[in-house]
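2 protein chains.
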Amino acid sequence: MQRPTSADIQQVREFLLDLQARICAALEQQEQLGGGSAQFMIDDWQRAEGGGGRSRVLQDGEVIEKGGVMFSHIDIRQLPASATQRHPNIAGAKAQALGVSLVIHPKNPNIPTSHANVRLFVAEPEGQEPIWWFGGGFDLTPFYPDHDDIKHWHQTAFDLCQPFGEKVYAEHKKWCDDYFYLKHRDEQRGIGGLFFDDLNRWDFDTCFDYIKAVGNGYLEAIIPIFEKHREQPYTEAQREFQLYRRGRYVEYNLVYDRGTLFGLQTGGRIESILVSLPNLAAWSYRPEWDENSIEKQLTDYYLKPHDWLNEL
Amino acid sequence: MQRPTSADIQQVREFLLDLQARICAALEQQEQLGGGSAQFMIDDWQRAEGGGGRSRVLQDGEVIEKGGVMFSHIDIRQLPASATQRHPNIAGAKAQALGVSLVIHPKNPNIPTSHANVRLFVAEPEGQEPIWWFGGGFDLTPFYPDHDDIKHWHQTAFDLCQPFGEKVYAEHKKWCDDYFYLKHRDEQRGIGGLFFDDLNRWDFDTCFDYIKAVGNGYLEAIIPIFEKHREQPYTEAQREFQLYRRGRYVEYNLVYDRGTLFGLQTGGRIESILVSLPNLAAWSYRPEWDENSIEKQLTDYYLKPHDWLNEL
Chain A
1 MQRPTSADIQ
11 QVREFLLDLQ
21 ARICAALEQQ
31 EQLGGGSAQF
41 MIDDWQRAEG
51 GGGRSRVLQD
61 GEVIEKGGVM
71 FSHIDIRQLP
81 ASATQRHPNI
91 AGAKAQALGV
101 SLVIHPKNPN
111 IPTSHANVRL
121 FVAEPEGQEP
131 IWWFGGGFDL
141 TPFYPDHDDI
151 KHWHQTAFDL
161 CQPFGEKVYA
171 EHKKWCDDYF
181 YLKHRDEQRG
191 IGGLFFDDLN
201 RWDFDTCFDY
211 IKAVGNGYLE
221 AIIPIFEKHR
231 EQPYTEAQRE
241 FQLYRRGRYV
251 EYNLVYDRGT
261 LFGLQTGGRI
271 ESILVSLPNL
281 AAWSYRPEWD
291 ENSIEKQLTD
301 YYLKPHDWLN
311 EL
Chain B
1 MQRPTSADIQ
11 QVREFLLDLQ
21 ARICAALEQQ
31 EQLGGGSAQF
41 MIDDWQRAEG
51 GGGRSRVLQD
61 GEVIEKGGVM
71 FSHIDIRQLP
81 ASATQRHPNI
91 AGAKAQALGV
101 SLVIHPKNPN
111 IPTSHANVRL
121 FVAEPEGQEP
131 IWWFGGGFDL
141 TPFYPDHDDI
151 KHWHQTAFDL
161 CQPFGEKVYA
171 EHKKWCDDYF
181 YLKHRDEQRG
191 IGGLFFDDLN
201 RWDFDTCFDY
211 IKAVGNGYLE
221 AIIPIFEKHR
231 EQPYTEAQRE
241 FQLYRRGRYV
251 EYNLVYDRGT
261 LFGLQTGGRI
271 ESILVSLPNL
281 AAWSYRPEWD
291 ENSIEKQLTD
301 YYLKPHDWLN
311 EL
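The listed protein sequences correspond, in order, to chains A and B.
Going by the UniProt record's numbering, the first residue of the first sequence is number 1, and it counts up by one from there.
Going by the UniProt record's numbering, the first residue of the second sequence is number 1, and it counts up by one from there.
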C-alpha cells in the first residue's frame, strides 16, 4: 500500500471542504428555487485534543426542513482499543480522521431523505508503516417512492463505480443493503445506494479518485430528484406518513448507526452527531394502511433489497 | 428466600392486571374531565413460545397525546446467556417474567411525561431452588417544572418506602438518578423517583407488598399533577419546547433503556416496546434560550440530581 504523505492528506482535506461548499450551494439553490431563503449557517468548532470541524446546518427552509453537511478533521493522540476492534495492532497509535457527512430532510414528502458520507482514516503506529483506509457511500430513503428516482439514484452509483471495476457497484450496493437494515423492524432504511469501509485495495490515489466520484456522485444523484418533486403538491396525510417514517430514521440512527453510537460513546461533538435527526418525527401505535396503498407497498416491497436497475 | 408458589405468581398476575385497569380508568377520567373522549383500546396478544400480554393504548386525546399501559406475562423455555449476565447460573433455565410498564405523554407541556414499571422474574433452574426477584419504579419528566409537583412526587415515593425501611427511599431514589441519565447529554431524563431491580432482600410477600405500594403510588403521585395542570393554558413556544425535550426521551429510550434494548435484541413485541416513544418529537440544531428562562433552568438545575424533599 502506497503510504499517504501529509500533502496527500491535505489534498483530501481540500477536496472535502470544497465538496461541502458545493453541496451546500447546490442545496441552497434548490431552497431558493422553491421560494425559500434559508441558508446553511457556518459553525466552526475546535476540539481540545486536536482538530475540529465546520458544521453547516440549514433549518426551517421551504424546501429543506433540516439539513446538516458536516466536515470534521480530528487528531487522535491514542486510539482507544474500542475504536480498533478490526485492527487491534493500531490500538494506542496516533491517528487522524477526516470526512464529510450529511443528512438532508426535505419538507415535501415526495422528496426522499438522503445521506452521504466520505471519509479517510490514517493511523501511525510507532515504528510501523502508517495504516489508512477510506470509507463512505450514499443512500436514499423515500417516503413516496418514484421508479425514475430510484433508477436514477442507482444508475448514478453504477456509473461512478464502473471505472473502478465491474464488481464494485454490486459489492458496495450489497454492503449498503446489509448496513442500513433495521433488524427490529425487518426493514431497510430506504432503497440503498453504496456503502463501503476499510477501502485500501487500490493505491491511495485510486482510492481517493473513488471517494471523489462518490462525493460528486451524491450531488449528481440528488439534485434532479429535488428538481422533479420540489413543487409537487402533497396532502396532510402524506405529511403525516412522512413524519411517521422519519421515526424509523431516528430508530436506525440511535439504535444501529455505528458512527452515531461511536460518537456518543467517545464524547464526540453531540450537536454535530445528532444533526442527522429530523426536526420532527412521529410514532403511532400500529397504524394501518389499505392493502393496495403506496404506504403499505413502501414496507412490503420497496424497503426490501432489490436489484433496482434490472427490476424496475 | 421463601420460594414463590404458582398461587403466589397468580396473585401477582391478578394485581398487575387490576393495576393496569385502575391506571387506565383513572387516566381516562382525566381525559374526560379535560373534554376528551379518547379511551385506552385493548390489544391482547400471544407469543409463540408461550405467554402473551394485554397492551392498552390511548392516542390523540385532548389531555393525553399518547399513553401506553402494557401488561405482559411471558414464558421463557431457555434463558439466553445474554439475558442472565448477572446470574450466569440460570442460563438455560425455564423462566417467566410478568409486569406492567407504562409511559404517558400528555399534550399540555405543563403536565410532565411519566413512566412506571413493576415486574416479577422467576427462573426455575433444573435441580435447584427457583430464583426470583422484583423490579420497578416510577420517574417523572417535566418540561415546565413545578416545585409542588416535584415535592408531591417524591413525598409519595418517600412515604410508600418508609414501612419497608428508613433507607429504602434514599437507595431507590439514587438508583433512579443513576439509571435515568443521558450520558451523551450529561442530563437526567427528569426529576427522578424510584428505581430498583433484583429485589428479593425481604421475603416474597413483603417484596410483593412493596411492589403493590410502588404501583399504587404511581397513581397517587400522578393524578394530582394532571388535576392541577389539565386546564392550564400554554403557548406555541412552550409546545415547541415540549416537542424538543421529547426528543431527549426518544434518545434515552433508544440509546440507554435496558428494557427497550433487550426487547429489540431478543425479538420482543416491537409495538409494545416502542409504544413508549412520543407521538411527536423534535430535534433542532443548538437551540438557545435566555439565560434566566425556565427552559434554560430546566437543564441547568432541574435535570441534575437533587435532594428534592430538602432542597425545594
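Ideal Cβ positions, reconstructed from N, Cα and C, are used throughout, including at glycine.
Worksheet item: What separation, rounded to the nearest whole angstrom, lies between the Cα atoms of residue 329 of chain B and glutamate 227 of chain B?
Response: For residue 329 of chain B there is no data in the structure shown, the boundaries of chain B being 1 and 312.
Worksheet item: Under a Cβ-count criterion, where at least 16 other Cβ atoms within 10 Å of its own Cβ denotes burial, should methionine 41 of chain A be classed as buried or exposed?
Response: exposed
Discussion item. For valine 118 of chain B, report the span of its beta strand (DSSP E) as first-last.
Written reply: Taken as a continuous stretch (DSSP letters only), the beta strand (DSSP E) holding valine 118 of chain B covers 113-124.
Item to complete: Taking isoleucine 23 of chain B as the query, report the chain A residues whose CB atoms sit under 8 Å from its CB, ordered along the chain.
Response: Those do not exist, as isoleucine 23 of chain B stays about 17 Å from chain A at its closest Cβ, beyond 8 Å.
Discussion item. Looking at the strands, I want to know which residues DSSP matches up with arginine 56 of chain B.
Written reply: B:Ile42 and B:Val69
Practice prompt. Could you tell me which chain B residues have their CB closer than 8 Å to the CB of glutamate 227 of chain A, listed as they occur along the chain?
Written response: Chain B residues near glutamate 227 of chain A: none, gap ~26 Å exceeds 8 Å.
Fill in: Residue of A:Trp283, A:Arg54 and A:Leu33 minimising C-alpha distance to arginine 246 of chain A
A:Trp283
Discussion item. Using the three-state DSSP reduction, which class does phenylalanine 226 of chain B fall into: helix, strand or coil?
Written reply: helix
Worksheet item: Where does glutamate 132 of chain B fall in DSSP's three states?
Response: Correcting the residue type first, residue 132 of chain B is tryptophan in the shown sequence and not glutamate. Of the three classes helix, strand and coil, the one that applies to tryptophan 132 of chain B here is strand, per DSSP.
Worksheet entry | Stretch pair the segment 42-59 of chain B + the segment 243-259 of chain B: three plus CB contacts closer than 8 Å | no
Discussion item. At the 8 Å Cβ level, is glutamine 39 of chain B part of the contact set with chain A, yes or no?
Written reply: no
Worksheet item: From which residue to which residue does the alpha helix (DSSP H) around lysine 151 of chain A run?
Response: Run containing lysine 151 of chain A: 147-161, per the alpha helix (DSSP H) assignment.
Item to complete: Could you tell me which of B:Asn108, B:Ser72 and B:Trp45 sits nearest to glutamate 62 of chain B, measuring between CA atoms?
Response: B:Asn108
Worksheet item: Can you name the start and end residues of the alpha helix (DSSP H) that residue 337 of chain B belongs to?
Response: Nothing in the structure corresponds to residue 337 of chain B, since chain B is present only between 1 and 312.
Worksheet item: Which residue from B:Cys24, B:Asn310, B:Arg13 and B:Glu28 puts its Cα closest to that of alanine 170 of chain B?
Response: B:Asn310
Worksheet entry | Per-residue contacts from proline 278 of chain A into chain B (C-beta, under 7 Å) | Trp283
Discussion item. Taking only three categories from DSSP, how would you classify glutamate 62 of chain A?
Written reply: coil
Discussion item. Strictly under 8 Å for the Cβ-Cβ distance: is glutamine 59 of chain A near chain B by that measure?
Written reply: Yes - at least one Cβ of chain B is within 8 Å of the one on glutamine 59 of chain A.
Worksheet entry | Presumed contact (8 Å Cβ cut-off) between histidine 115 of chain A and leucine 102 of chain A, rounded CB distance | 7 Å
Discussion item. Does chain A have any CB closer than 8 Å to the CB of valine 255 of chain B?
Written reply: yes
Practice prompt. State buried or exposed for arginine 286 of chain B, treating a residue as buried only when at least 16 other CB atoms are found within 10 Å of its CB.
Written response: exposed
Worksheet item: Using a Cβ-Cβ distance under 8 Å, would leucine 27 of chain B count as near chain A?
Response: no
Fill in: Close Cβ partners of proline 112 of chain B (< 6 Å) along its chain, the five nearest in sequence each way excluded
Leu140, Thr141 and Pro142
Item to complete: Would you please state the rounded distance, in angstroms, between the beta carbons of arginine 230 of chain B and tryptophan 45 of chain B? I believe it to be under 8 Å.
Response: Contact flag wrong, Cβ pair sits at about 32 Å.
Discussion item. Can you tell me whether leucine 219 of chain B sits near the ligand COA, meaning its C-beta is under 7 Å from at least one heavy atom of the ligand?
Written reply: Looking at this structure, you won't find the ligand COA or any other ligand, since it has none at all.
Worksheet item: What whole-angstrom Cβ distance do glutamate 129 of chain B and alanine 93 of chain B have, given they're in contact under 8 Å?
Response: Actually they are not in contact, since the Cβ atoms of glutamate 129 of chain B and alanine 93 of chain B sit about 11 Å apart, beyond 8 Å.
Worksheet item: Helix or strand or just coil, what does DSSP make of proline 80 of chain B?
Response: coil
Discussion item. Runs of 3 residues minimum, wholly inside the segment 252-302 of chain A: which ones carry the beta strand (DSSP E) assignment?
Written reply: 280-282
Worksheet item: Out of curiosity, what's the CA-to-CA distance linking leucine 134 of chain B and glutamine 96 of chain A?
Response: For the record, residue 134 of chain B in the displayed sequence is phenylalanine; it is not leucine. Answer to the nearest angstrom: the Cα atoms are 48 Å apart.
Practice prompt. Go ahead and label glutamate 187 of chain A buried or exposed: buried means 16 or more other beta carbons lie within 10 angstroms of its beta carbon, across all protein chains shown.
Written response: buried
Worksheet item: When you compare each of B:Gly192, B:Gly259 and B:Asp197 to glutamine 155 of chain B by their alpha carbons, which one comes out closest?
Response: B:Gly192
Worksheet item: Given that isoleucine 270 of chain B touches chain A, what residues does it touch there, using C-beta distances under 9 Å?
Response: Under the 9 Å cutoff, chain A gives His184 and Arg185.
Worksheet entry | Runs of beta strand (DSSP E) lying entirely within the segment 185-223 of chain A, each at least 3 residues, in chain order | 192-199
Fill in: aspartate 172 of chain B (DSSP reduced to helix, strand or coil)
The amino acid occupying residue 172 of chain B in the given sequence is histidine; aspartate does not appear at that position. Reduced to three states, the DSSP call for histidine 172 of chain B is helix.
Discussion item. Less than 6 Å between C-beta atoms, sequence neighbours within five positions excluded: which residues of the same chain meet that for proline 305 of chain A?
Written reply: Asp177
Discussion item. Just to confirm my understanding: we take glutamine 30 of chain B, look at its own chain, exclude 5 residues before and 5 after, and list those with CB closer than 8 Å. What are they?
Written reply: Val63, Ile64, Ile223, Phe226, Glu227 and Arg230
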